[in-house]
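*Asks:* Just passing along the structure, written as structure tokens.
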Amino acid sequence: MKQHKKSNISVSQGREESAGKKSNISDHAHRKDAHAVGGRIKYYREQQKIDQKVIAEKIGVTSNAISNWENGRTRPDFSVVPKLCEALGITLYELYGIENKQDTYTDKEKSMVERYRGLSHPHQLAVDSLLSSLETAENVGSFPEIIKLVCCDKGLAAGFDVGAEFEDHGTPIYLYPNTNAAIRQADLVFPVNGDSMEPEYHDGDLVLVEKYPGCPELQYGEVGAFMVGNSTYIKVLEEDGLHSYNEKYDTMTFSDEENVYLIGRVLGILDPESIASDKDAERYEAMHAADDD
């Protein structure tokens, strides 16, 4: 029995010692934190070249209180912290040594925020919607690969320089390259106008074109995109001129004085399913606009 009681006493004493150690650790942490806060108070006060008395008068405490804070003996009460920060010209984050996430924005991010604020409310809603779409795509990993080409669907002005970039004379078109291997090889997209190339190519079809001289030189019997004067044509190159698949159309022949230029090789018809949705096209532009900035 005595051994049993002695054992109980021993266990009880052990618990009291443990509790005492825990209390000492807590007190040490509190004093350490007080020293850290006090050090920052002193640092910012000296930065402002203000003595303790002036700070004390501004916030309604004694000079001894300021001294105790700076020496780590006590900490300022939360009720005076706002006034203390104002007197020192610092933020709450600076007083307690806490990183302010708002201050970690890059100049680019700050610029984007300012640009967003300058938008009209409807345009802000459009940006919000686009950001939500991009976040969803990133979270689910569903954003498809897209290639941006130019669809040369506009009339060319008189005097157009064929050596100039066709990209300046068309509209962007966004394509899913995984749906057609020729998309990765193509440089331009041209619409088929009329029925001269039926039954292979129909009015309204879009064809993929690889620009010359980037592509091999066109051989007789192959289909190419040509420029005659200020007009563009999809035709079959033959020795005697440009042919149509539709036999009701005559061969286009030219004199030595006429300017006929090969734009490029026709790779095939673009399936409508290869054209990206408006939402995916918007995502593509948003992502690349961010890269350009």
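Letter 253 of the sequence shown, counting from 1, is numbered 253 in this note's numbering, and no numbers are missing. Don't be surprised by glycine CBs; every beta carbon is placed ideally from N, CA and C. Bear in mind that the values here come from a model prediction, so they are computed numbers and not experimental data.
Rounded C-beta distance between Leu149 and Leu188? I'm assuming under 8 Å.
*Replies:* The residue labelled residue 149 in the question sits at position 149 within the sequence shown. The residue labelled residue 188 in the question sits at position 188 within the sequence shown. Between Leu188 and Leu149 the Cβ distance is about 6 Å, and since that is below 8 Å, they are a contact.
*Asks:* Whole angstroms is fine: what's the gap from Val192's alpha carbon to Glu273's?
*Replies:* For this step, residue 192 is matched to residue 192 along the sequence shown. For this step, residue 273 is matched to residue 273 along the sequence shown. Computed Cα separation, rounded: 18 Å.
*Asks:* Could you give the uninterrupted runs of the alpha helix (DSSP H) lying entirely in the segment 112-151, keeping only those of 4 residues or more?
*Replies:* Within the segment 112-151, the complete alpha helix (DSSP H) runs of at least 4 residues are 121-140.
*Asks:* Closer than 7 Å by C-beta to Tyr116: which residues in its own chain qualify, once you throw out the five before and the five after it? Chain order, please.
*Replies:* Stepping through the sequence shown from its first residue, residue 116 is reached at position 116. Correct list, in chain order: Gln124, Val127.
*Asks:* Quick one: which unbroken beta strand (DSSP E) runs of 3-plus residues sit fully inside the segment 189-227? Chain order, please.
*Replies:* Listed in chain order, the complete beta strand (DSSP E) runs (minimum 3 residues) inside the segment 189-227 are 206-211.
*Asks:* Within 10 Å of its beta-carbon, does Gly97 have 16 or more other beta-carbons around it, so buried, or fewer, so exposed?
*Replies:* Mapped onto the sequence shown, residue 97 falls at position 97. So Gly97 counts as exposed.
*Asks:* Could you give the residue range of the beta strand (DSSP E) that holds Leu262?
*Replies:* In the sequence shown, counting from the first residue as 1, residue 262 sits at position 262. Looking at the DSSP string, the run of the beta strand (DSSP E) that includes Leu262 is 260-269.
*Asks:* Mind pulling the alpha helix (DSSP H) runs of 4 or more residues that sit fully within the segment 35-82?
*Replies:* Within the segment 35-82, the complete alpha helix (DSSP H) runs of at least 4 residues are 52-59, 63-71.
*Asks:* Grab the span of the beta strand (DSSP E) containing Tyr96 for me, first residue to last.
*Replies:* Against the sequence shown, residue 96 aligns to sequence position 96. From DSSP, Tyr96 is part of no beta strand (DSSP E) but of the alpha helix (DSSP H) over 92-96.
*Asks:* Spell out a yes or no on whether the segment 83-95 and the segment 106-113 are touching, meaning 3 or more CB-CB pairs, one atom from each, closer than 8 Å.
*Replies:* As far as the Cβ criterion goes, the segment 83-95 does not touch the segment 106-113, which means the pair count is below three.
*Asks:* Go to Ile173, then tell me how far its beta strand (DSSP E) extends in each direction, as first and last residue.
*Replies:* Start at 1 with the first residue of the sequence shown, and residue 173 comes out as number 173. It spans 171-175 - the beta strand (DSSP E) in which Ile173 sits, taken as one unbroken run.
*Asks:* Under DSSP, the alpha helix (DSSP H) around Ile183 begins and ends at which residues?
*Replies:* Taking the sequence shown and counting its residues from 1, one reaches residue 183 at position 183. Segment 182-185, the alpha helix (DSSP H) holding Ile183.
*Asks:* How is Ser277 classed by DSSP in three states: helix, strand or coil?
*Replies:* If you number the sequence shown from 1, residue 277 lands on position 277. In this structure, Ser277 counts as coil in the three-state DSSP scheme.
*Asks:* Can you tell me the Cα-Cα spacing of Leu156 and Asn259, whole angstroms?
*Replies:* One-based indexing of the sequence shown puts residue 156 at position 156. One-based indexing of the sequence shown puts residue 259 at position 259. Annotation note: pLDDT 42 at Leu156 (below 50); position unreliable, no value reported.
*Asks:* Determine the contact status of Arg265 and Tyr212, defining contact as a CB-CB distance below 8 Å.
*Replies:* Walking along the sequence shown from the start, residue 265 turns up at place 265. Walking along the sequence shown from the start, residue 212 turns up at place 212. Against a cut-off of 8 Å, the Cβ pair of Tyr212 and Arg265 comes out as a contact.
*Asks:* Whole angstroms are fine: how far does the CA of Tyr249 sit from the CA of Asp240?
*Replies:* Taking the first residue of the sequence shown as 1, we reach residue 240 at position 240. Taking the first residue of the sequence shown as 1, we reach residue 249 at position 249. The alpha-carbon atoms of Asp240 and Tyr249 are separated by roughly 15 Å.
*Asks:* DSSP beta-bridge partners for Glu247?
*Replies:* Within the sequence shown, residue 247 is the residue found at index 247, counting from 1. Beta-bridge pairing links Glu247 to no other residue.
*Asks:* How long is the line joining the alpha carbons of Cys151 and Asp195, rounded to whole angstroms?
*Replies:* Start at 1 with the first residue of the sequence shown, and residue 151 comes out as number 151. Start at 1 with the first residue of the sequence shown, and residue 195 comes out as number 195. Roughly 20 Å between the two C-alpha positions.
*Asks:* Of the choices Tyr43, Gln47, Ser133, whose alpha-carbon is the least far from that of Trp69?
*Replies:* For this step, residue 69 is matched to residue 69 along the sequence shown. Taking only the C-alpha atoms, the option nearest Trp69 is Tyr43.
*Asks:* Work out the CA separation of Tyr220 and Leu237 for me, nearest whole Å.
*Replies:* If you number the sequence shown from 1, residue 237 lands on position 237. If you number the sequence shown from 1, residue 220 lands on position 220. Going from the Cα of Leu237 to the Cα of Tyr220 covers about 5 Å.
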